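Q: Sending over a structure as structure tokens; questions will come in a sec.
Protein chains: 2
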Amino acid sequence: MMQALTVDPSGMRYRADYLRPLPLPGQALIRLLVGGICTTDLEVVKGYAGFQGVLGHEFAGLVVECEDEQWIGRRVVGGINLGCGRCAVCLSEGPEHCPDRTVLGIIGHEGAFADYLTLPVANLLAVPDELPDEAAVFVEPLAAALRIREQIVVRPSDQVAVVGPGRLGTLIAQVLALSGTQVIVLGRRRESLELIEQLGLAADLVDGPVDRSFDLVVEATGNEAGLAHSLRLLRPQGTLVLKSTFAGRATVDLSRIVVDEIRIVGSRCGPFAPALRLLGSGAIRVQEMIEGQYRLQDGADAFEHASRPGVRKILLRP
Amino acid sequence: MMQALTVDPSGMRYRADYLRPLPLPGQALIRLLVGGICTTDLEVVKGYAGFQGVLGHEFAGLVVECEDEQWIGRRVVGGINLGCGRCAVCLSEGPEHCPDRTVLGIIGHEGAFADYLTLPVANLLAVPDELPDEAAVFVEPLAAALRIREQIVVRPSDQVAVVGPGRLGTLIAQVLALSGTQVIVLGRRRESLELIEQLGLAADLVDGPVDRSFDLVVEATGNEAGLAHSLRLLRPQGTLVLKSTFAGRATVDLSRIVVDEIRIVGSRCGPFAPALRLLGSGAIRVQEMIEGQYRLQDGADAFEHASRPGVRKILLRP
């Protein structure tokens, strides 16, 4: 038995007596060191994707059981998509778009907010000794931010706006600024921009900047108002990256997209190894993003804290 | 005085006594030979873009007045966007995305469905003698179809669907099939697919093909149902081209776009010279697309005919 934060149609629950997961062949059993709460977790609690079971997909952990003994005792992070391993997508690109995939704590695979989780060994990356758990836990959202650079060319001379100064927006802005690109983070409230400015990035209220002036806008709010702001800021032939999961449908001014020949790029999971390198080099600052740490047994408080407007990262420990 | 088909808030009107336009410096006065009715014209009549004045942007004509005398007496087609000619967009890319542009028969410039129209000489292309007026008038929509190939890479091995077997969809399908790419045109009614099959292209009912199987889907209906079909047909990481102008806003499943990392590309006006070459070589068949020809004075009948479901191209002559 183990403790776990689970979700079912009645909502989120702390369970002290949840069944410990059994690793399948090729999988490792991992003991949780630290987990991070992401906006997707909040959506999953509200019923997104209809998931039931253990919550959570951001984690750093310790391998305790594994067929390949060299992994045992190593600190790891891990890719959250589990593909079938046999289809054309898995064989050519990896598990992220496998039609039969499960996803840690989101689709059909017990998540990370528990004493133990399982993942295929192929999904694991060892965490360098010098990187603390509280930094390593940011590898998954940082990888998601890096995904943008795998999908489109961001030029150093581009004018870039990130709409939404939250957890993911803060990482995205840091990633896009790495090549000298001018990046401004836009939010609805002054308070929510303080951390951004503390990190040395430009920030402004979302109503401030000039309309139709940005080459690239990253939508990181996941709500319809943020999307409308993002479209307004884009220049003709500009690119809009949709980085936050939207709960449900939204209305969009499609005429604007056609007439101004806007490009929209949906963006989800990204590469872990480059994210680990950037965390290791200190190029991306995450320490300042941690706002609170809770025990699993106080998971209800942790989720309440994580859902406050403008809140930074909330971590969970066994 | 001249005859013209105009639009104002009370709707479309035939005028026998409309003021003949005066060419500005650098512009040519062009006598209409033949015009083509496009879905955008139908939207303009309904109030799209709030345009008032002479309708129409698809035309072939004869230059009758011009400072540069070598143009006089030549048959021409012409780019429909008139830029300011001074801004960074005009100087680097041309007038299509000039923030102060006017557009023939759509935004602030009298259109082509009249005895005479004006355009800057810089917008004109001479029509080769061997190309009949009834083919040359297709250059504008064919250029719009070719625009897709300027924006994205369409690979010969891609699986491509065009949703909407109308005037523009038929041209798009022909253009995309030119490189040996497998293209299927999808419509809601069997009758609307007959011309497509007559042109040697594959066609099916929109509910027929397998979900999530296409690399590229071109939305050429301009309605919300067509958009939903298009998204359903796309594979993960596929590309959706929005080619038809949408009247107003539409609701979209943005979650699908993010999770499956869909790319959306808005697409509008395209290059005239390549379109003229393809019409000249006979690679694109347009003769079969002509369904009716009307005099300007019968404009009301022509527009009624052009707005019937599944109708092909309706031409107008002085």
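Protein chains in written order, with my numbering: chain C, 311 to 628; chain E, 311 to 628.
Each residue gets a CB set at the ideal place from its N, CA and C atoms; glycine is no exception.
Nothing here was measured: the structure is a model prediction, and the numbers come from that model.
(1) By DSSP, does Glu450(C) sit in helix, in strand, or in coil?
(2) Between which two residues does the beta strand (DSSP E) containing Ala428(C) stretch?
(3) Using DSSP bridges, identify the partner residues of Tyr328(C).
(4) On the three-state DSSP scale, how would you describe Phe361(E)?
(5) Hey, quick one: how far does the alpha helix (DSSP H) through Ala538(E) stretch, first residue to last?
(6) At a CB distance below 7 Å, what residues from the stretch 406-428 of chain C approach chain A? Give them in sequence order.
(7) Which residue comes first and which comes last in the alpha helix (DSSP H) that contains Gly506(C)?
(8) Counting contacts by CB-CB distance shorter than 7 Å, is Leu576(E) in contact with chain C?
(9) Using a Cβ-Cβ cut-off of 7 Å, state whether Ile661(C) counts as contacting chain E.
(10) To the nearest angstrom, how far is it from the Cα of Phe565(E) to the Cα of Glu529(C)?
(11) Buried or exposed for Arg465(C), please, with buried defined as at least 16 other CB atoms from any protein chain shown within 10 angstroms of its CB.
(12) Any beta carbon of chain E sitting closer than 7 Å to that of Phe556(C)?
(13) Going by the CB atoms, is the gap between Gly371(C) and Ala342(C) shorter than 7 Å?
(14) Going by the CB atoms, is the gap between Glu375(C) and Leu332(C) shorter than 7 Å?
(15) Just to confirm the assignment, what range does the alpha helix (DSSP H) spanning Leu334(C) have?
(16) Which residues does DSSP pair with Thr549(C) in a beta bridge?
(17) Identify the contact partners of Leu552(E) in chain C, using a Cβ-Cβ distance below 8 Å as the criterion.
(18) Quick one: give me the first and last residue of the alpha helix (DSSP H) that Glu353(C) is part of.
(19) Return the CA-CA distance between Glu507(E) and Ala513(C), expressed in angstroms with no decimal places.
(20) Can you grab the Cα-Cα spacing for the pair Gly516(C) / Arg545(C), in whole Å?
(21) Applying a beta-carbon distance threshold of less than 7 Å, which residues of chain E neighbour Glu571(C)?
(22) Output the boundary residues of the alpha helix (DSSP H) element that contains Glu614(C).
(23) Using a Cβ-Cβ cutoff of less than 8 Å, which residues in the same chain neighbour Gly336(E) once the five nearest sequence positions on both sides are dropped?
(24) Any idea which residues DSSP pairs Ile417(C) with across the strands?
(25) For Asp318(E) and Val527(E), I'd like the C-alpha separation in whole angstroms.
(26) Residues of chain C with CB under 8 Å from Gln484(E), in chain order?
(27) Under the rule that 16 or more other beta-carbon atoms within 10 Å means buried, what is Leu606(E), buried or exposed?
(28) Compare the C-beta of Ala560(C) with all C-beta atoms of chain E and state if any pair is closer than 7 Å.
(29) Short check: CB of Arg627(E) to CB of Val344(E), under 7 Å?
(30) Tell me the residue span of the beta strand (DSSP E) that contains Val399(E).
(31) Rank Ala314(E), Met322(E), Gly558(E) by C-alpha distance to the C-alpha of Glu614(E) and give the top, closest one.
(32) Give me the chain C residues within the contact set of Gln547(E), using Cβ-Cβ distance strictly less than 7 Å, ordered along the chain.
(33) Measure the beta-carbon distance from Phe524(E) to Ala471(E) and round it to whole angstroms, keeping in mind my assumption that it falls under 8 Å.
(34) Could you spell out the range, first to last residue, of the alpha helix (DSSP H) harbouring Val485(C)?
(35) Below 8 Å CB to CB, which residues in the same chain sit around Gln461(C) once its five sequence neighbours on both sides are set aside?
A: Judging by the given coordinates:
(1) helix
(2) The sequence shown places Thr at residue 428(C), not Ala. Looking at the DSSP string, the run of the beta strand (DSSP E) that includes Thr428(C) is 426-430.
(3) Met312(C)
(4) coil
(5) Going by DSSP, Ala538(E) is part of the alpha helix (DSSP H) stretching over 534-543.
(6) In the structure shown, chain A does not exist; the protein chains are C and E.
(7) Residue 506(C) is actually Ile in this sequence, not Gly. Taken as a continuous stretch (DSSP letters only), the alpha helix (DSSP H) holding Ile506(C) covers 504-508.
(8) First, the amino acid is wrong: residue 576(E) is Gly here, not Leu. True, the Cβ-Cβ gap to chain C drops below 7 Å.
(9) The structure shown does not extend to residue 661(C), since chain C spans only 311 to 628, so no value can be given for it.
(10) Contrary to the premise, residue 565(E) reads as Ser rather than Phe in this sequence. Cα to Cα, the separation comes out at about 13 Å.
(11) With fewer than 16 Cβ atoms within 10 Å of its Cβ, Arg465(C) is classed as exposed.
(12) yes
(13) Here residue 342(C) is Leu; the residue named in the question, Ala, does not match the sequence. Yes. Within cutoff.
(14) no
(15) Run containing Leu334(C): none; DSSP gives neither H nor E here.
(16) Leu526(C), Arg573(C)
(17) Leu564, Ile567, Val568
(18) That run of the alpha helix (DSSP H) goes 349-355.
(19) 56 Å
(20) Per the sequence shown, residue 516(C) should be read as Val rather than Gly. Each residue's alpha carbon lies about 16 Å from the other.
(21) Chain-ordered, the chain E residues with CB closer than 7 Å to the CB of Glu571(C) read Gly576, Ser577, Arg578.
(22) 609-616
(23) Glu377, Pro430, Val431, Ala432
(24) Val413(C)
(25) 36 Å
(26) Near Gln484(E) there are no residues of chain C at all, since even the closest Cβ is about 21 Å away, more than 8 Å.
(27) buried
(28) Yes - at least one Cβ of chain E is within 7 Å of the one on Ala560(C).
(29) Closer than 7 Å, so yes.
(30) For Val399(E), no beta strand (DSSP E) segment is defined; the enclosing uninterrupted segment is the alpha helix (DSSP H) at 398-402.
(31) When the alpha-carbon of Glu614(E) is set against those of Ala314(E), Met322(E), Gly558(E), the nearest one is in Met322(E).
(32) His407
(33) 5 Å
(34) 477-487
(35) Val551, Val575, Ser577
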